[in-house]
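The structure appears right after this line, and notes come after that.
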Amino acid sequence: MSFIDTHLVLLPIATPLVGAMLALLLRRWGRVQAYGAAGTMGLSLAFSALLLARVITGGEAVVLQVGGWRFPYGISLVGDPLSALFVVMSQLVLCAGLIYALGSKDAIIRYPPFYPLFLLLSTGLTGAFLTGDLFNLFVFAELLVISGATLTAASDDRYGTEAAYKYFYMSLLASTFMLLAIGSLYVSYGTLNMADLAGRIAARPDGSLTTAAIALLMATFMIKSAVFPFHFWQPDFHAAAPTAVSAMLSSVVVKVGVYGFLRMTTLLFVAQAPLIRAILLVLGVVGVVFGGLSAVGTHNVKRMLAYSTLAQVGFILVGIGWGTAPALMAAVVFSFNHSLIKAAMLMLAGYVASRAPVKSASFDVVTGVGRQLPAAGVLFFLGGLGLSGIPPTNGFISKLLLFRSGIEAARFVPLLIIGLASILTLVYVIRSFQTIWWHAPPAETRLKPTGDSLVAPALLIGLVLLFGLWAEPLVKVASDVSLWLMDPALYIAAVGGTGG
Amino acid sequence: MELLTALTVGLLFAIGIFQMLRRNIIRSTIGLIILANAVNLFLLSTGAYDGTVAAYTTTTGQRSDALPQALVLTAIVISMGGTAFVLSMLYIISSRYETADMDDVQGLKH
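Just so you know, the protein sequences line up as chains L and X, in that order.
Mapping of the first sequence onto the working numbering: position 216 corresponds to residue 216, and the numbering continues sequentially without gaps.
With positions in the second sequence counted from 1, the corresponding number in the working numbering is that position plus 1000.
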């Protein structure tokens, strides 16, 4: 591969990082900083789309050994089909988030470190998906956590600091788990490069600390993805964050854990994968039911959507838990589609809250507010269809693929439970739609004349419809991803084969 | 030496986890800091003590593994940044509620 080809994998990480530093220097020129940050994200999205196109058409991973160190010794950046697709997904949603921030009236948007922190969030997320080194994954995940927590701590919401404290405390705990896992794996196998580690674990799956490392890594990724028993920080945190940020946290940031589980079951711990899958299946089913029931019982649109994320991540985990090629494909498509839908829905909830008499997404405040906001109503309705999996949205495609893979794998009990629990999605989506757009407001409500801009959610809902009506390219890419994931030797050969 | 390190790591873990479970938020944060340091010591012990001579020097002898030292340096820096951030949030929270008791901090339970 040529120099340009291999360095393509560096660009989606480096662009937002450099942009963050420049944005920090430009802090006195607010508008220049804002549009510069948007331009940086757009550029970064273009690079990641190029990377995905390169990976899919070339049929092989793009690998960069950073600093020219030989294979197992240095840090490898690996753009394989899975990471390239996840990077495109996150950059797409992050771009929309930045567009939302440009049109937002929140006080935190005018705070000079906002855009640098947002770009660092993007760096951390992209880096976590693209790195091929376990310790480097930890570093990028920390960058992600710190910038996300800082943005929430400075939120307009009164309780932002408490929610950020809760989240950050849990994340520090998760990072101690991850360091313990890294140490255990290093003692047992003497390497931290994921490809090298996968080869060595496959050769000797019963290292003395391997089981401990698996348990610790699972706990780490469960906290990152807010999987059922570790979810308690998530609704507070996602509801208190500024809208532009909470739309990112609840859609793409939770996918770090999903990505981690995909890598654990298909690359690192293939020998122990049946046990991991069994646990993920149970937790996923519990998450679907629990998240759905909790979402029905909330009194705040943002909290409802945060609990809904818990349920939707449950669906993805069920797909990973089944572990067959069609199920993995469904999990990947589900992750992609859920990111678009959930980001759009949270932005719409934030838009309604920004126009409401008191800035809040609580049902008491926003009842009937939507009667004067018909455009947002149409978008929310379409997004709701997507969330509950009704055509012509992309949510339908994800659920169709997931349920079909379950039927093929003959796993009827979990299928029945998640099928019944997905009715809950319809219940809470319809209830929130009725409350905001149909019910009469309690007294004469005076809306604020201006609020956040509707451009970003409209763009995302457009994509939701586009991927619902024309799902073929995404499904094709996801099926390439699933075939790639089914054979861990491909990843190991791709990383080990260059510069070694 | 190995036994001593193992005992120290274990003791630090025990103290850290015990303090984390306290109701006082300042104590629980200190518990987290102790836990982070226990992990750092654990990381250091994964290979740094195998040799007796620093790596990349001209001195002869069994060289120690440089990687855990690099890892632990990174981990220390990150946990320091994290600790500073946690403490600053702790300061805001405890001055807003004028208490350090977790049960009295209930703004989120609305």
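For glycine and all other residues, C-beta sits at the position ideal for the given N, C-alpha and C.
- Boundaries of the alpha helix (DSSP H) around Q1019 of chain X: 1002-1020.
- Sequence-distant Cβ neighbours of L483 of chain L in its own chain, meaning closer than 8 Å and more than five residues away, are A325.
- Within 7 Å of the CB of G183 of chain L, the CB atoms of chain X belong to F1042, L1043, T1046, in sequence order along the chain.
- Taking C-beta atoms under 8 Å as the contact rule, N193 of chain L and G260 of chain L fail to qualify, at a distance of about 16 Å.
- Taking all protein chains in view, the Cβ of W69 of chain L is surrounded by fewer than 16 other Cβ atoms within 10 Å, so the residue is classified as exposed.
- Taking 8 Å as the upper bound for CB-CB distance, L385 of chain L and F403 of chain L are not in contact here, some 17 Å apart.
- The C-alpha of Q1106 of chain X is placed about 32 Å away from the C-alpha of L94 of chain L.
- Within the segment 1067-1081 of chain X, the residues whose Cβ lies closer than 8 Å to some Cβ of chain L are L1067, P1068, L1071, T1074, A1075, I1078, S1079, G1081, listed in chain order.
- Annotation: L268 of chain L has no Cβ neighbours in chain X at a cutoff of 9 Å; minimum Cβ distance is about 18 Å.
- Within 10 angstroms of the beta-carbon of H299 of chain L lie fewer than 16 other beta-carbons, which makes it exposed.
- By the neighbour-count criterion, in which 16 or more other beta carbons inside 10 Å mark a residue as buried, S2 of chain L falls on the exposed side.
- Residues S354, T450, G451, D452 of the same chain have their beta carbon placed closer than 8 Å to that of K105 of chain L, with the five preceding and five following residues left out of the count.
- Under the Cβ distance rule, I430 of chain L does not count among the residues neighbouring chain X, no pair being separated by less than 8 Å.
- Using a CB distance cut-off of 8 Å, V1086 of chain X counts as an interface residue toward chain L.
- Straight-line measurement puts the Cα of A149 of chain L at about 28 Å from the Cα of A49 of chain L.
- Within the DSSP secondary-structure output, L64 of chain L pairs in a beta bridge with L:L77.
- For L119 of chain L, the closest C-alpha among the options L:L466, L:L454, L:A101 is that of L:A101.
- Among the residues of chain X, those whose CB is under 7 Å from the CB of T176 of chain L are L1035, A1036, V1039, following chain order.
- Closest in C-alpha terms to L262 of chain L, from the list L:L340, L:S184, L:L217, L:L151, comes L:L217.
- Beyond the five residues adjoining it in sequence on each side, M304 of chain L comes within less than 7 Å, by CB distance, of A295, T298, Y428, S432 in the same chain, given in chain order.
- F168 of chain L has a beta carbon lying within less than 8 Å of a beta carbon in chain X.
- Within the same chain, Cβ atoms closer than 8 Å to the Cβ of I417 of chain L are found at V285, V288, V289, the five residues on either side in sequence being excluded.
- Look at the segment 350-422 of chain L and you find these whole runs of alpha helix (DSSP H), each 4 residues long or longer: 363-366, 374-388, 394-408.
- Your pair I423 of chain L and G468 of chain L does not check out as a contact, with CB atoms roughly 20 Å apart and the cut at 8 Å.
- Inside the segment 121-190 of chain L, DSSP marks whole alpha helix (DSSP H) runs of 4 or more residues at positions 134-153, 160-189, from first to last along the chain.
- The C-beta separation of G30 of chain L from R110 of chain L comes to about 7 Å, placing the pair in contact by the 8 Å criterion.
- Within the segment 275-344 of chain L, no run of beta strand (DSSP E) reaches 3 residues while sitting entirely inside it.
- Distance check between W437 of chain L and each of L:I407, L:V352, L:I279 places L:V352 closest, using alpha-carbon atoms only.
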